[in-house]
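If you use my numbering, the sequence shown corresponds to residues 470 to 789, in order. As structure tokens, the structure follows; a few thoughts come after it.
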Amino acid sequence: MFTLQGIAVSLQFKLLKVLDVYNVRCDFSCVIPKLIHLRYVAANIDEAPSLAKLWNLQTIILCNFASKDLHLPQEIWTMSEIRHLDIRWSIHMPNSLATESYNSIEEQPLFLNNLQTLVLCSSPYLAEILRRTPYLNKLTILDESRHPDCPAILDPLSLLQELETLTIEADLGSDLMILSRDIFPPNLKQLKLSYATLQWEDMVVLANLPNLEVLKAYSAFEGTNWKLNEDVVFQKLKYLRLQYGGLERWEATNDNFSMLEQLLLYGFRKLEEIPQSIGDIMILKLIQIERCSAAAVTSAKKIQQEQESWGNYGLQVRII
Numbered sequence: 470m471f472t473l474q475g476i477a478v479s480l481q482f483k484l485l486k487v488l489d490v491y492n493v494r495c496d497f498s499c500v501i502p503k504l505i506h507l508r509y510v511a512a513n514i515d516e517a518p519s520l521a522k523l524w525n526l527q528t529i530i531l532c533n534f535a536s537k538d539l540h541l542p543q544e545i546w547t548m549s550e551i552r553h554l555d556i557r558w559s560i561h562m563p564n565s566l567a568t569e570s571y572n573s574i575e576e577q578p579l580f581l582n583n584l585q586t587l588v589l590c591s592s593p594y595l596a597e598i599l600r601r602t603p604y605l606n607k608l609t610i611l612d613e614s615r616h617p618d619c620p621a622i623l624d625p626l627s628l629l630q631e632l633e634t635l636t637i638e639a640d641l642g643s644d645l646m647i648l649s650r651d652i653f654p655p656n657l658k659q660l661k662l663s664y665a666t667l668q669w670e671d672m673v674v675l676a677n678l679p680n681l682e683v684l685k686a687y688s689a690f691e692g693t694n695w696k697l698n699e700d701v702v703f704q705k706l707k708y709l710r711l712q713y714g715g716l717e718r719w720e721a722t723n724d725n726f727s728m729l730e731q732l733l734l735y736g737f738r739k740l741e742e743i744p745q746s747i748g749d750i751m752i753l754k755l756i757q758i759e760r761c762s763a764a765a766v767t768s769a770k771k772i773q774q775e776q777e778s779w780g781n782y783g784l785q786v787r788i789i
């Protein structure tokens, strides 16, 4: 057996391939380097562990409960087998350019071409990190700053042509985030925004994503009015979840969301009405209202009643 104090790893654990102790609030930074056959590790650390001998690792999930920032060792950039990397809570990727400077001139530039999933805190090296992980399928960016460098966070996203799922989590009370039309990869299918401090007008940018199917926004939009013009069309959006905000007036038609199947609203206590024509979306299956205004609840029920009067009993309205 091993003890977290003495870090004595028995022979029977040296062949271990999976170490999943993520929910154990202990420091495993000295244990991890000894398990050289690991393919999967999920653990808490107080120090950045050495990865020099862990060439078989495919999944790394690390969390830091210490009060200091940690940087993964430079060798992370030489671990070509990595498929999934999840580092958060003040754990950062090292500068890949610095890693290259340590390597021989004859060696190839460092790219993690097999990396499919990446969760990381924003850093000054974010653009370089994303440039060297070109085949990402899922990306989560965590920004803990009240004054995020929006161009540094958003501009590199256009490099990721294979990206299908993107999550951006800003800090509560962050500065306004500015979106431009060309920052998101065209293949993006799922987008989650938390505390992004956007304006409802920015939805036009998201509507231009040709393959977007799922949009989740948690306290991400500010403003009391959201009006969608006729030419704003979410071409493939199937799932829309909006949570919290000061939205009062929402103007839209069924043509804006022609492929929508599920609409979920949470925490809109001032919303005057859900657009009645939303009910005319032929494939809409669910409207879920939770902790919203009485007017929003009433309009949702009215939509259902109107649809049933036309013989459409497939629309479910769920009030929580």
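For glycine and all other residues, C-beta sits at the position ideal for the given N, C-alpha and C.
For a cutoff of 8 Å on Cβ pairs, would you count residue i as touching chain C?
i	result
ASP624	The structure shown contains no chain C, having only a single protein chain.
When you compare only the Cα positions, how much space is there between residue i and residue j?
i	j	result
ALA764	ALA721	17 Å
PRO518	ASP724	53 Å
ASN492	ALA512	8 Å
ASP515	LEU531	10 Å
GLY475	LEU595	Caution is warranted here: a pLDDT of 42 is assigned to GLY475, below 50, making its placement in the model unreliable, and no coordinate value can be reported.
ASN677	LEU520	42 Å
LEU600	LEU626	In the sequence under discussion, the amino acid at residue 600 is Arg, which differs from the Leu named in the question. Going from the Cα of ARG600 to the Cα of LEU626 covers about 9 Å.
GLY736	GLU742	14 Å
ILE772	LYS754	12 Å
LEU740	ILE750	21 Å
LEU526	LEU657	28 Å
PRO593	LEU485	36 Å
LEU500	TRP719	Here residue 500 is Val; the residue named in the question, Leu, does not match the sequence. Their backbone Cα atoms lie some 54 Å apart in a straight line.
PRO542	PRO563	7 Å
LEU554	GLN774	48 Å
LYS703	LEU681	Before going on, a small fix: residue 703 reads as Phe here, not Lys. Computed Cα separation, rounded: 8 Å.
TRP524	ASN781	58 Å
LEU605	LEU635	10 Å
TYR509	HIS540	19 Å
GLU717	LYS483	60 Å
ALA686	LYS707	14 Å
ASP876	SER549	Lying before the first or after the last residue shown, residue 876 is absent from the chain, which here runs from 470 to 789.
For residue i, I'd like the list of residues in its chain whose CB is within less than 6 Å of its CB, leaving aside the five on either flank, ordered along the chain.
i	result
PHE690	LEU667, TRP669, GLY714
LEU734	LEU711, ILE758, CYS761
GLY692	GLN668, TRP669
ILE756	LEU732, ALA769, VAL786
SER591	ILE610, ASP612, ILE622
ILE789	GLU759
LYS607	THR586, THR634
ILE752	GLU730
THR528	TYR509, HIS553
Starting from the C-beta of residue i, find all residues in its chain whose C-beta is less than 8 Å away, skip the five residues before and the five after it, and write them out in chain order.
i	result
PRO603	PHE580, ASN582, LEU628, LEU629, GLN630, GLU631
VAL701	MET672, VAL673, ALA676, ASN725
Can you name the start and end residues of the alpha helix (DSSP H) that residue i belongs to?
i	result
SER778	763–778
Near residue i, what residues of its chain come up, given a Cβ to Cβ distance below 7 Å and the 5 sequence neighbours on each side ignored?
i	result
ALA665	ILE637, ALA639, MET646, ALA689
Checking the sheet assignment: what are the DSSP bridge partners for residue i?
i	result
LYS661	THR636, LYS685
GLN527	DSSP, once it has assigned bridges, lists no residue as partnering GLN527.
GLU720	LYS696
ALA511	ASP489, ILE530
GLU742	In the DSSP output, where bridge partners are listed per residue, GLU742 has none listed.
LEU539	ILE560
Quick check on the DSSP output: the beta strand (DSSP E) that includes residue i runs from which residue to which?
i	result
GLN731	731–735
VAL786	785–788
ASP555	553–557
LEU755	755–759
What residue ranges within the segment 579–627 form continuous beta strand (DSSP E) runs of no fewer than 3 residues, ordered along the chain?
-> 586–590, 607–611
Length-filtered (3 minimum) beta strand (DSSP E) runs lying within the segment 668–716 = Scanning the segment 668–716 for uninterrupted beta strand (DSSP E) segments of 3 residues or longer gives 683–687, 694–696, 708–712, listed from N- to C-terminal end.
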